[in-house]
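Student: The structure under discussion is supplied below as structure tokens; questions concerning it will follow.
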Amino acid sequence: MSASPPVLSIEGVVKFFGEHQVLRGVDLEVAEHQVVTVIGSSGSGKSTLMRCVNLLEVVDDGVITLDGEDITDPRADVDRIRRRIGVVFQAYNLFPHMTVLDNITLAPRVVHGLPRDQAAEQALDLLDRVGLRDKAGEYPDRLSGGQQQRAAIVRALATDPRLLLLDEVTSALDPELVGEVLRLVRELAEQGVTILMATHEMGFARQVADRVCFLDQGAVLEQGPPEQVLGDPVEPRTRQFLARIIDAGRL
Amino acid sequence: MSSPLYEPSPLELERRAYRRSRARRSTVVALLSTLIFAVVAYLTVTNAPGWERTKATFFDVSYGWEVLPSILEGLWLNIRVLVVAAVCVVVVALALALLRTLRGPIFLPLRLLATVYTDLFRGMPLLIVLYLVGLGLPALRLDWIPTQAAVLGTIALVLTYSAYVAEVFRAGIEAVHPSQRAAARSLGLTHRQTMRMVVLPQAVRKVTPPLLNDFVALQKDVGLISVLGAVDAIRRAQIEVSQTFNFTPYVVAGLLFVLLAVPSARIADWVSNRAARRQQAGGLV
Ligand SMILES: Nc1ncnc2c1ncn2[C@@H]1O[C@H](COP(=O)(O)OP(=O)(O)O)[C@@H](O)[C@H]1O
Ligand SMILES: [Mg+2]
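Residue numbers (our numbering), protein chains in the order written: chain A, 1222 to 1472; chain B, 778 to 1062.
Next comes the structure, spelled out in structure tokens:
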């Protein structure tokens, strides 16, 4: 790994929901241009971890740094930090009352102060790259799931974030549409976008990820290169999890 | 946030202490600024020219206490009218709103009727409705028409407010995302079942704040039945004022209406906060 600090570093992060400890000291790093995927069964805390990184949840212990800056410090400026992180949710969360173009240009215009025509030009460029240029004027509810999710990814990219958080972006899609979204993520990875991604797509993780983390009951049980974690896991629980996935025909 | 296995780190303890100190500071700032504002306002008002005369005409405390029991008695009538009117309004308005959501050509007359009704009574000044119902109907001298001013006033209020509240309900029904209706219908629920179990519960939750807002408006407007001669709080105050030319009874009656409205506003806040807490994923935004 290079000498510069990792883009994202998570150390000992703990999160409670009431009495229920959802994260039990998670440690994880994402270096620049790296793609790290988080795998784990449903309810293991993947989404909660993502939400903590994006400061949608307050951590109950531990430190998260973005480019070396402690973002879990209560003195930190939450809005300024979020500007440097792009997020795509499982359920797209596009704004239904705006066109695709307006969804994408909203943050560049309102948060980053880009002039309208410049924001639109940049958005159309991005839409072109994901094959959605002709849908720019449509409203999200009139797009297919795959198109909506690609639009959501473009929206997250439009502000040129340091880190892209992808939370099971293909889980709500038909298998047929999964491919188009994963292809886009792979292109982003090749262009050097730094990505932290929760996913159930093990094949994709194996091909694209630099590192795979297995999250089990709120802690990282095992992490390493995909060949190792997915191909020859050390921990019995990782094996169990992968066996279940193979049974479900996803690997 | 306690667990037998979990001890917060010193860093986390420091962060918690910092958050606590911020919260304390906010409280102190809020208290101080309120206090200073109150003092300045008090000094400005009491030093204004004509304050003594104003005080004697509008804020005569001993006279106010004297008329309070009589006005309270009048207010009791307002409260009864309010309760009956509010219940009737919800029922009629919900029916109107549902009529307007009916699909299918056979229901066209009902839809039209509901539309015309809401347009008519939303546009017509309440005072005219009150005069027409309260003074016009008894003039017909039909046996079955009630003659009590309070009853006629209640009818007029229900006619007008149902039109408003029906539109609030309809807005709420339309604000429920179409995918919800699709999901319910695809489970095999009928239009009625979909409305009752899926759409209306969400719609009512969405419109609770505007509904309570209309309720507060109704609370004040029940005072208008006094124009029909019903002896309510306003009427009692009016009788007092006409004898002494001191306006304190109006102020007393007005403050009583305000007191009546405050709990409704707080309940509205509480209801919408609770719904938000229970259903949303939580977090910081
Ligand atoms: N807002 C919340 N309130 C209470 N419990 C929650 C909340 N969000 C998530 N949880 C719980 O936290 C656990 C982890 O959830 P999540 O992070 O969504 O898992 P994953 O994304 O890995 O499926 C689950 O047991 C879930 O029930
Ligand atoms: Mg999840």
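All C-beta atoms in this analysis are idealised placements derived from N, C-alpha and C, irrespective of residue type, glycine included. What you are looking at is a predicted structure, and each value in this text was computed from that prediction instead of being measured.
#1: For Met-1222 of chain A, which three-state DSSP category applies?
#2: Determine the direct distance from the alpha carbon of Val-1390 of chain A to that of Ala-1440 of chain A, and round the result to whole angstroms.
#3: Could you run through the stretch 1278-1308 of chain A and flag, in chain order, every residue whose CB is less than 9 Å away from some CB of chain B?
#4: Short of 6 Å in beta carbon distance, which residues of its chain neighbour Leu-903 of chain B, apart from the five on each side in sequence? Order them along the chain.
#5: With 7 Å set as the bound, which would you pick, yes or no: does the beta-carbon of Asp-1453 of chain A sit closer than that to a beta-carbon of chain B?
#6: Closer than 9 Å by beta-carbon distance: list the chain B residues that pair up with Val-1235 of chain A, in chain order.
#7: Which of the three DSSP states, helix, strand or coil, is assigned to His-1333 of chain A?
#8: On a Cα-Cα basis, can you pick out the residue from B:Leu-912, B:Val-868, B:Arg-796, B:Val-822 that is closest to Arg-1003 of chain B?
#9: Name the residues in the stretch 789-810 of chain B whose C-beta lies less than 8 Å from a C-beta of chain A; which are they?
#10: If you follow the alpha helix (DSSP H) that Ile-1306 of chain A is part of, which residue opens it and which one closes it?
#11: If we count the other Cβ atoms within 10 Å of its Cβ and call it buried at 16 or more, is Phe-1310 of chain A buried or exposed?
#12: With DSSP collapsed to three states, give me the class of His-1421 of chain A.
#13: Hey, how far is the Cα of Leu-1032 of chain B from the Cα of Pro-987 of chain B?
#14: So does Ser-1268 of chain A have its beta carbon nearer than 6 Å to some heavy atom of ligand 3?
#15: Is it buried or exposed, Arg-797 of chain B, if we count other Cβ atoms within 10 angstroms and call 16 or more buried?
#16: Measuring CB to CB, does Leu-995 of chain B end up less than 7 Å from Ser-1041 of chain B?
#17: Measuring alpha carbon to alpha carbon, tell me which of A:Leu-1276, A:Asp-1282, A:Ile-1466 ends up nearest Ile-1292 of chain A.
#18: Take the Cβ of Tyr-819 of chain B as the centre, count every other Cβ of all protein chains shown within 10 Å, and call the residue buried at 16 or more, exposed below.
#19: Would you say the beta carbon of Ser-1230 of chain A is closer than 6 Å to some non-hydrogen atom of ligand 1?
#20: Is it a yes or a no for the stretch 1299-1307 of chain A touching the stretch 1457-1465 of chain A, going by three-plus beta-carbon pairs under 8 Å?
#21: With H, G and I counted as helix, E and B as strand and the rest as coil, what does DSSP make of Gly-1233 of chain A?
#22: Can you tell me the Cβ-Cβ gap for Met-1423 of chain A and Leu-1451 of chain A, rounded? I've got them flagged as a contact below 8 Å.
#23: On the three-pair Cβ rule with 8 Å, is the stretch 1335-1353 of chain A touching the stretch 1316-1327 of chain A?
#24: For my contact list, Leu-1315 of chain A and Val-1228 of chain A are in at a C-beta cut-off of 8 Å; report their separation, rounded to the angstrom.
#25: Indicate whether the contact test is met: 3 or more Cβ pairs, each with one atom in the stretch 838-846 of chain B and one in the stretch 908-927 of chain B, closer than 8 Å.
#26: Would you call the stretch 867-886 of chain B and the stretch 940-950 of chain B in contact, with 3 or more CB pairs under 8 Å?
#27: Am I right that Lys-1267 of chain A and Val-1259 of chain A are in contact with their C-beta atoms under 8 Å? What's the rounded C-beta distance?
#28: What span of residues does the beta strand (DSSP E) with Gly-1445 of chain A cover, start to end?
#29: Could you name the residues that DSSP lists as bridge partners for Val-1247 of chain A?
#30: Could you pull the start and end residues of the alpha helix (DSSP H) that Gly-851 of chain B belongs to?
#31: Cβ of Val-945 of chain B within 7 Å of Cβ of Val-975 of chain B?
#32: Is there contact between the stretch 1239-1249 of chain A and the stretch 1358-1367 of chain A, where contact requires at least three CB pairs shorter than 8 Å?
#33: In the DSSP assignment, the alpha helix (DSSP H) including Ile-813 of chain B goes from what residue to what residue?
#34: Quick one: is His-1421 of chain A buried, meaning 16 or more other Cβ sit within 10 Å of its Cβ, or exposed?
#35: Mind checking which residues open and close the beta strand (DSSP E) that includes Thr-1391 of chain A?
Tutor: In short, the structure shows the following:
#1: The predicted position of Met-1222 of chain A is uncertain, since its pLDDT is 48 and thus under 50; a value taken from the coordinates is nonetheless stated next. In the three-state reduction of the DSSP assignment, Met-1222 of chain A falls in the coil class, being assigned neither a helical nor a strand state.
#2: 22 Å
#3: Glu-1278, Val-1279, Val-1280, Asp-1281, Asp-1282, Gly-1283, Val-1284, Thr-1293, Asp-1294, Pro-1295, Arg-1296, Val-1299
#4: Thr-937
#5: no
#6: Tyr-783, Pro-785, Ser-786, Glu-789
#7: Three-state result, His-1333 of chain A: coil.
#8: For the record, residue 1003 of chain B in the displayed sequence is Ser; it is not Arg. Checked all of B:Leu-912, B:Val-868, B:Arg-796, B:Val-822; the closest Cα to Ser-1003 of chain B is B:Leu-912.
#9: Flagged, chain order: Glu-789, Arg-792, Tyr-795, Arg-796, Arg-799.
#10: In the DSSP annotation of this structure, Ile-1306 of chain A is not part of any alpha helix (DSSP H); the continuous beta strand (DSSP E) holding it starts and ends at 1306-1309.
#11: buried
#12: coil
#13: 23 Å
#14: Ligand 3 is not among the ligands present in this structure, which contains only ligand 1 and ligand 2.
#15: Exposed.
#16: no
#17: Ranking A:Leu-1276, A:Asp-1282, A:Ile-1466 by Cα distance to Ile-1292 of chain A puts A:Leu-1276 first.
#18: Counting other Cβ atoms within 10 Å of its Cβ, Tyr-819 of chain B stays below 16 and is therefore classed as exposed.
#19: Relative to ligand 1, even the nearest heavy atom lies 6 Å or more away from the CB of Ser-1230 of chain A.
#20: no
#21: strand
#22: Rounded, the Cβ-Cβ distance is 6 Å, consistent with contact.
#23: Look at the beta carbons and you see the stretch 1335-1353 of chain A touching the stretch 1316-1327 of chain A: at least three pairs across the two are nearer than 8 Å.
#24: Actually they do not touch by this definition, with Cβ atoms about 26 Å apart.
#25: no
#26: yes
#27: Confirmed, about 5 Å.
#28: Bounds of the beta strand (DSSP E) holding Gly-1445 of chain A are 1440-1445.
#29: A:Val-1234
#30: 838-878
#31: No Cβ-Cβ contact shorter than 7 Å links Val-945 of chain B with Val-975 of chain B.
#32: no
#33: 787-824
#34: buried
#35: Segment: none, Thr-1391 of chain A is in no beta strand (DSSP E) and carries neither H nor E.
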